[in-house]
Amino acid sequence: MKVSPGHYREKSHCGYCGGDDSSRIYGFLAYELTVKEYQELVDRGLRRSGVFVYKPDLAKSCCPQYTIRLRVEEFRPGKEHRQGLNRFNRFVGGAGNAHKKKKGKNNEYSLLTAIHEAEGEDFEVRLESSEFSQEKYELFRHYQMHVHNETEDEVSEEQFRRFLCDNPFPRRDSSEPIEKNDGLRGHVHQTYYHKGRLIAIGVLDVLPHCVSSVYFIWQQDYARFGMGKIASMQEIGLALELNKPYYYMGYYIHSCPKMKYKAQYRPSYILEPRLAECDEADGWWRPIEDFESKLDESPYVTLVDKPTPDYGDHLKTDSKLFASAMPGLLPPSELQNVDPKDFVTLVVDDEDDEIPINMHLIRPQFRTQVKMAQLELIAIVGKDLAQNARIKVG
Numbered sequence: 001m002k003v004s005p006g007h008y009r010e011k012s013h014c015g016y017c018g019g020d021d022s023s024r025i026y027g028f029l030a031y032e033l034t035v036k037e038y039q040e041l042v043d044r045g046l047r048r049s050g051v052f053v054y055k056p057d058l059a060k061s062c063c064p065q066y067t068i069r070l071r072v073e074e075f076r077p078g079k080e081h082r083q084g085l086n087r088f089n090r091f092v093g094g095a096g097n098a099h100k101k102k103k104g105k106n107n108e109y110s111l112l113t114a115i116h117e118a119e120g121e122d123f124e125v126r127l128e129s130s131e132f133s134q135e136k137y138e139l140f141r142h143y144q145m146h147v148h149n150e151t152e153d154e155v156s157e158e159q160f161r162r163f164l165c166d167n168p169f170p171r172r173d174s175s176e177p178i179e180k181n182d183g184l185r186g187h188v189h190q191t192y193y194h195k196g197r198l199i200a201i202g203v204l205d206v207l208p209h210c211v212s213s214v215y216f217i218w219q220q221d222y223a224r225f226g227m228g229k230i231a232s233m234q235e236i237g238l239a240l241e242l243n244k245p246y247y248y249m250g251y252y253i254h255s256c257p258k259m260k261y262k263a264q265y266r267p268s269y270i271l272e273p274r275l276a277e278c279d280e281a282d283g284w285w286r287p288i289e290d291f292e293s294k295l296d297e298s299p300y301v302t303l304v305d306k307p308t309p310d311y312g313d314h315l316k317t318d319s320k321l322f323a324s325a326m327p328g329l330l331p332p333s334e335l336q337n338v339d340p341k342d343f344v345t346l347v348v349d350d351e352d353d354e355i356p357i358n359m360h361l362i363r364p365q366f367r368t369q370v371k372m373a374q375l376e377l378i379a380i381v382g383k384d385l386a387q388n389a390r391i392k393v394g
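For what it's worth, the UniProt record's numbering labels the leading residue of the sequence shown as 1, then goes sequentially.
As C-alpha cells, this is what we get:
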C-alpha cells in the first residue's frame with residue numbers, strides 16, 4: 001500500500017443533504033493498493049472515489065455514512081424485486097413470468113436464473129475493463145445531467161475518468177477478456193446492452209470476500225423499471241456466481257431517502273462505527289435491526305458502551321484527526337508507545353525508482369508533521385495493514 005499523507009477535512013460540503021461545511025472526512029490518495037488491502041480498508045469503514053480513499057467521521061457529520069453489507073446466499077428477493085425484474089426482462093428480452101415464485105418446495109425462485117432470463121440477441125450483460133470509452137462517457141454525461149441536474153459545463157471526461165475509471169489496483173491487460181470466475185479481482189464495469197445500445201453501467205470492485213458497488217448509471221428512458229433495483233439483483237447474482245459471501249452496497253444513510261433503500265436487502269449487517277473498541281465476542285458487524293430503531297432517534301449510533309477516548313491527553317498532539325476522536329480509530333492505549341517508523345515506511349519517487357528515506361533526511365521543521373502522518377495512518381488502517389504501508393513524501 002502506497003499512499004499520500006492523510007488529511008482530516010473539518011468542513012466539507014455534504015452531497016446528501018446539501019449542507020455546507022457539515023461533513024467531516026479523513027482521506028488520502030492511494031497510489032498503489034492491492035485488492036486484499038482494499039478489502040481490509042473497506043472492512044474498517046473506508047471507501048474510495050477513484051484513487052482518493054476516505055473515511056467519514058460518523059459522529060460529527062450531518063449524514064453519517066455506515067458501511068453495510070448483505071450476506072448473498074441468504075438473500076431472498078421480495079415480491080417487488082421479483083416483479084420489477086420480470087417487467088424488465090419482458091421488455092428487453094421478451095421473457096415471460098417463468099421465474100415467479102411458485103408454491104411448493106421444489107419451485108423456489110432462482111435469482112441466478114432470473115437475471116439471465118432475458119439475455120439473448122437483444123439484451124446482454126457483460127463484464128468489461130474499466131478503461132475509458134466515448135460511449136461510456138456519453139452515458140455518464142447523460143445520467144449526471146438528467147438525474148443529478150448537473151450542467152453541461154459541470155460534466156467532463158476528466159471527471160468521468162477520475163471518478164469511474166481511475167483506480168489504485170494493479171493494472172490488467174484491457175485487451176484480455178474478463179472471465180467470470182473465482183480468480184476475478186479488481187475494478188470492472190458491468191455493462192448492459194439493449195439492441196446494441198449501452199443502457200447502463202454498474203461500476204464495481206471485485207474483492208476477495210465481496211462484490212463492492214461503486215456507482216450505477218443508466219439511460220433515463222429506462223427509469224420506469226427501477227434500474228437501481230435491477231442493478232442490485234444483477235450484482236448480488238454476480239457475487240453468487242463468483243462465490244463471494246457478501247455484496248457491499250456502499251454506505252447506508254438512514255436519514256437520506258435515496259440511501260435508506262439499502263435496508264430493504266436482508267440479511268444486512270452494519271459495521272460498528274467504533275469497531276476498534278469492540279469486545280471480541282460482539283464482533284465488528286451487527287445486524288441492521290440492532291441499529292434501525294436507534295437511528296430513528298439519532299443520526300449517529302454506536303453499540304459500544306464506553307466513554308469516547310481522549311487522544312490529546314495520551315498522545316500530546318495537535319493532530320486534527322486525533323482531536324476529532326473519529327469513531328473507528330485505534331484507541332490511545334494502542335498508539336501511546338508506538339514508534340511510527342516501525343510500521344510505516346517513508347518513500348520518495350525518483351523517476352521509475354522508489355527510494356526509502358530516513359527521518360533524518362526530512363527537514364527538521366517537517367519531521368513532527370511527517371511522524372504524525374505515519375501515526376494517523378496506523379490509527380486509521382490498523383497495525384497489521386500499516387506494517388506494509390508506505391507514505392510518499394516530497
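We put the beta carbon where it would ideally sit given N, CA and C, even for glycine. Since this is a predicted model, take the numbers as computed values, not measurements.
- Query: Taking C-beta to C-beta, are Phe225 and Gly84 nearer than 8 Å?
  - Reply: yes
- Query: Roughly how far, in whole angstroms, is the beta-carbon of residue 415 from the beta-carbon of Ile288, given that I think they are within contact range, below 8 Å?
  - Reply: Missing from the structure shown is residue 415; the chain here goes from 1 to 394 and no further.
- Item | Glu354 CB to nearest heavy atom of the ligand PLP below 7 Å | Ligands displayed in this structure: none; no statement on the ligand PLP is therefore possible.
- Item | Alpha-carbon spacing of Tyr31 relative to Glu37, whole angstroms | 13 Å
- The beta strand (DSSP E) spanning Val370 covers which residue range? It is not in any beta strand (DSSP E) - Val370 instead sits in the alpha helix (DSSP H) that spans 364-381.
- Among Glu158, Asp153, His148, nearest to Lys136 - alpha-carbon criterion: Glu158
- Item | Collapsed DSSP secondary structure at Gln190 in the structure displayed | strand
- For Glu121, which of helix, strand or coil comes out of DSSP? coil
- Is it the case that the Cβ atoms of Pro208 and Glu73 are separated by a distance below 8 Å? no
- Item | Residue from Pro331, Glu272, Gly394 with nearest C-alpha to Tyr66 | Glu272
- Task: Let me know if His254 comes out buried or exposed under the rule of 16 or more other beta-carbons within 10 Å of its beta-carbon.
- Result: buried
- Endpoints, the beta strand (DSSP E) within which Ile178 is located: Premise fails: Ile178 is in no beta strand (DSSP E) and is neither H nor E.
- Task: Out of Gln190, Leu375, Thr302, Val344, state which residue places its alpha-carbon closest to the alpha-carbon of Asn337.
- Result: Leu375
- Item | Val42 (DSSP reduced to helix, strand or coil) | helix
- To the nearest angstrom, report how far apart Val370 and Pro5 are at their CA atoms. Note on geometry: alpha-carbon atoms of Val370 and Pro5 lie some 8 Å from one another.
- Task: Below 8 Å on the Cβ atoms is my guess for Leu111 versus Pro77; work out the distance and round it to an integer in Å.
- Result: 6 Å
- Quick one: what's got a C-beta closer than 8 Å to Lys260's C-beta in the same chain, skipping five residues either side? Tyr252, Ile253, His254
- Any idea if Val344 is buried or exposed, counting beta-carbon neighbours within 10 angstroms, 16 or more meaning buried? buried
- Item | Contacts around His146, its chain only, beta-carbon distance under 6 Å, and the 5 residues preceding and following it disregarded | Gln220
- Message: Just to confirm, is the Cβ distance from Gln234 to Ile115 under 8 Å?
- Response: yes
- Message: Tell me which residues share the same chain as Glu179 and place their Cβ nearer than 6 Å to its Cβ, disregarding the 5 neighbours each side in the sequence.
- Response: none
- With respect to the alpha helix (DSSP H) encompassing Gly84, which residues constitute its N-terminal and C-terminal limits? From DSSP, the alpha helix (DSSP H) with Gly84 extends over 79-93.
- Local conformation of Leu58 per DSSP, three classes: Here Leu58 sits in coil by DSSP.
- Message: Using a Cβ-Cβ cutoff of less than 6 Å, which residues in the same chain neighbour Gln144 once the five nearest sequence positions on both sides are dropped?
- Response: Glu150, Val155
- The beta strand (DSSP E) enclosing Asp353, as first and last residue numbers: 353-357
- Task: Please check the pair Ala389 and Met1, which I expect to be a contact at CB under 8 Å, by giving their CB distance rounded to whole angstroms.
- Result: 5 Å
- Starting from Ile115, follow the alpha helix (DSSP H) in both directions and report where the run begins and ends. 111-116
- Query: Helix, strand or coil for Gly15 per DSSP?
  - Reply: The three-state secondary structure of Gly15, taken from DSSP, is coil.
- Message: Based on DSSP bridge pairs, tell me the residues matched to Pro287.
- Response: Residue pairing by DSSP puts Pro287 in a beta bridge opposite Tyr269.
- Simplified DSSP state of His360, which is helix, strand or coil: helix
- Task: For Ala223, count neighbouring Cβ atoms within 10 angstroms of its own Cβ and tell me buried if that reaches 16, exposed if not.
- Result: exposed
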